[in-house]
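With this note's numbering applied, the sequence shown covers 10 to 126.
Even glycine gets a Cβ: it sits at the ideal position worked out from N, Cα and C.
For clarity, every value in this text was computed on a predicted model and none was experimentally measured.
Working notes for the structure below.
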Amino acid sequence: MTAIERLFCCSPHGSAVLPALAQAWDQLNLGPQRWLKPDSTIQDLAPGTERLLLLSDGAELVDWAEAVAAWRLPTLLLIPAGERLRAEAALHYALLLQQQVPVLGLLQVGEPWHPAD
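Encoded structure:
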């Protein structure tokens with residue numbers, strides 16, 4: 010079994026679930042993290058000291074998916090509560106698969122799990 014050196018996390022725009030993950034990551038002392046903001050560049054995906062890369066609410070996954078795929082970054086998609094955001098998460102998941110991004114899994118935040126959704 011190999012350890013994951015770096016992890017990319019994303020969620021639909023406006024979902025506000027990634028800051029809680031970042032805070033938990035800090036509390037567990039899992040290593041440095043970096044937020045990718047709208048003005049970040051693809052070079053910001055180059056390996057550095059961070060172990061967690063988070064796509065900020067202002068940045069769109071559609072602008073980053075190809076670069077994340079090129080770097081072969083294992084990705085965790087956080088799915089927030091609410092029908093509209095779940096639908097957007099499904100679109101994000103389809104985009105990640107289309108770009109052949111290695112998706113580690115989906116993490117639902119809030120509400121009961123509905124497998125069909």
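Item, Value
"Those residues which DSSP pairs with residue 117 across a bridge", "88"
"Touching by the beta-carbon criterion (3+ pairs, under 8 Å), the region 29–47 and the region 106–115", "no"
"Residue 44, enclosing alpha helix (DSSP H) - first and last residue", "Per DSSP, residue 44 belongs to no alpha helix (DSSP H); it is in the beta strand (DSSP E), 42–45."
"9 Å Cβ cutoff met for residue 87 and residue 15", "no"
"Residue burial classification, residue 55 (beta-carbon count within 10 angstroms, cutoff 16)", "exposed"
"Residue 39, buried or exposed, once every other Cβ within 10 Å from all chains shown has been counted against 16", "exposed"
"Buried or exposed (CB count within 10 angstroms, at least 16 for buried), residue 121", "exposed"
"Residue 89, buried or exposed, once every other Cβ within 10 Å from all chains shown has been counted against 16", "buried"
"Distance between residue 58 and residue 70 (C-alpha atoms, nearest Å)", "22 Å"
"With 16 other Cβ atoms within 10 Å as the buried cut-off, status of residue 84", "buried"
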